[in-house]
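> Letter by letter, the sequence shown follows residues 67 to 358 of this note's numbering. Heads up, the beta-carbon is just placed ideally off N, CA and C, and yes, glycines get one too. Computed from a prediction, not measured in an experiment: that's the story for all the values here.
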Amino acid sequence: MHKDIATPVRTKEILQKYGFAFKKSLGQNFLIDPNILKNITEHAGLSKDSGAIEIGPGIGALTEHLARTSKKVVAFEIDQRLLPILEDTLSPYNNVKIIHQDVLKADIHQIVEEEFKDVNDLMVVANLPYYVTTPIIIRLLSEHLPLRGIVVMLQKEVADRISAKPGTKEYGSLSIAIQYYTKAETVMVVPKTVFMPQPNVDSAVIRLTLHDKPIVEVDNEEFFFQVTRASFAQRRKTILNNLTSQLPNGKELKTEILKALDIANIDPTRRGETLSIEEFALLSNQLFSIYK
């Protein structure tokens with residue numbers, strides 16, 4: 067068994083050896099507690115038949131745990147300065163591939179096809195860079211990749227929004243998008259002290275388990291998300307006000323929008339945060355017949 071990368075001493079050694087300085091713009095906070103990494107890996111339920119996709123491996127602390135428990139790991143690293151470090155720290159493992167690319171621009175489908183040909187259980191497991199957490203998660207889900215699920219560390223505040231229920235102040239279009247594709251649960255809250263450098267915010271690990279098919283039927287996925295985003299544009303406004311000001315030609319189509327709300331049995335004076343995902347699906351299907 068190799069010495070864990072994720073200890074304060076070993077992390078400092080590695081950073082000093084390579085003269086590595088953290089870049090704030092890349093949201094680099096490295097984990098220095100092996101137990102937390104072990105827990106994250108366990109929550110992903112990996113086996114020797116599993117493939118793991120990681121985003122932002124840093125110096126390889128989590129990557130190493132994934133390599134020990136899965137068949138193959140493919141990690142996307144955007145920071146060129148980390149490539150030689152990863153080559154060094156992960157040299158004991160022959161089942162890891164580092165791709166020097168921004169995951170938001172990568173052709174993930176093609177990479178999955180090429181790299182995980184003989185894997186039929188695929189998970190995304192990552193300590194995500196906090197400044198791009200939401201776009202990354204949404205990208206992974208909207209691409210309809212053959213994933214079983216996603217286990218990621220992110221800002222606790224974002225984790226709360228992801229697993230929020232209707233009627234709460236955290237509930238918003240992000241909660242609905244995640245709920246549409248997955249079952250979300252916060253599996254761990256993580257203190258600032260286990261990171262180097264320490265972030266200013268608390269962190270949490272969420273597990274998203276993909277539904278076999280989305281939990282509501284919508285006529286057009288893109289339009290459904292457009293309607294949910296419009297409904298939360300200004301939280302204090304009523305659903306009618308938000309839809310008429312945010313949807314294309316909303317003001318001219320106010321009568322039709324009112325009618326759609328009526329057919330969906332939604333009071334136009336309600337606020338977006340009180341609507342369930344089922345109500346949003348009904349509403350967006352009604353509105354889609356106006357816009358298609």
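For serine 269, write down the residues that DSSP places opposite it in a beta bridge.
DSSP, once it has assigned bridges, lists Gln221 and Val256 as partnering serine 269.
> Quickly, what does DSSP pair serine 342 with across the bridge? List them, please.
According to DSSP, serine 342 bridges with nothing at all.
> Mark glycine 195 as exposed unless 16 or more other C-beta atoms lie within 10 angstroms of its C-beta, in which case mark it buried.
Reading the sequence as shown, one finds proline at residue 195 and not glycine. Label assigned to proline 195: buried.
> Report the option in Met254, Arg337, Tyr197 and Gln146 whose CA atom is closest to the CA atom of aspartate 235.
For the sequence presented, residue 235 should be read as lysine rather than aspartate. Minimum Cα distance to lysine 235 is reached at Arg337.
> Just reading off the alpha helix (DSSP H) that asparagine 308 is part of, what are its end residues?
From DSSP, the alpha helix (DSSP H) with asparagine 308 extends over 305-312.
> Here's the rule I'm using: 16 or more other beta-carbon atoms within 10 Å means buried, otherwise exposed. How should serine 355 be labelled?
Looking at its Cβ environment, which holds fewer than 16 other Cβ atoms inside 10 Å, serine 355 is exposed.
> Going by C-alpha distance, which of Asn105, Glu180 and Thr275 is nearest leucine 132?
Ranking Asn105, Glu180 and Thr275 by Cα distance to leucine 132 puts Asn105 first.
> Leaving out five residues before and five after glycine 316 in sequence, what residues of the same chain have Cβ atoms less than 7 Å from its Cβ?
Once the five neighbours on either side are set aside, the close Cβ partners of glycine 316 are Leu309, Thr310 and Ile323.
> Pick out whichever of Ile71, Ala110 and Thr77 has its Cα sitting closest to the Cα of methionine 254.
Looking at the Cα atoms, Ala110 is the closest of the given residues.
> Can the beta-carbon of valine 360 be found less than 8 Å from the beta-carbon of valine 169?
Outside the shown range of the chain, which is 67 to 358, sits residue 360, and nothing can be said about it.
> Please determine, among Asp278, Ile228 and Lys163, the residue with the shortest C-alpha to C-alpha distance to alanine 118.
Alanine 118 has its Cα closest to that of Lys163, out of Asp278, Ile228 and Lys163.
> In the DSSP assignment, the alpha helix (DSSP H) including isoleucine 244 goes from what residue to what residue?
Start and end: 239-247.
> According to DSSP, simplified to helix, strand and coil, what is phenylalanine 88?
Coil at phenylalanine 88, not helix or strand.
> Of all the beta strand (DSSP E) runs that stay within the bounds of the segment 86-144, which reach a length of 3 or more residues?
Runs of the beta strand (DSSP E) inside the segment 86-144: 116-121 and 138-142.
> Given a threshold of 16 other Cβ atoms within 10 Å of its Cβ, counted over all protein chains shown, does threonine 321 qualify as buried or as exposed?
Its Cβ having fewer than 16 others within 10 Å, threonine 321 is exposed.
> Taking the alpha carbon of methionine 189 as the reference point, which residue from Ser229, Pro74 and Leu206 has its own alpha carbon closest?
The shortest Cα separation from methionine 189 among Ser229, Pro74 and Leu206 belongs to Leu206.
> Quick one: measure Cβ to Cβ for threonine 335 and threonine 294, integer angstroms, because I've assumed they're closer than 8 Å.
Rounded, the Cβ-Cβ distance is 18 Å, inconsistent with contact.
> Tell me the DSSP bridge mates of aspartate 187?
Its beta-bridge partners are Ser116.
> Whose C-beta lies closer than 7 Å to the C-beta of isoleucine 228 among residues of the same chain, with five residues either side of it excluded?
Answer for isoleucine 228: Leu240, Ser241, Ile244, Ala250 and Ile272, listed in chain order.
> At a cut of 8 Å, does the segment 145-154 reach the segment 97-104 through at least three beta carbon pairs?
Segments in contact, no.
> CB-CB under 8 Å to isoleucine 332, same chain, minus the five flanking residues each way: which ones, in chain order?
Correct list, in chain order: Ile305, Leu341, Glu345, Leu348 and Leu349.
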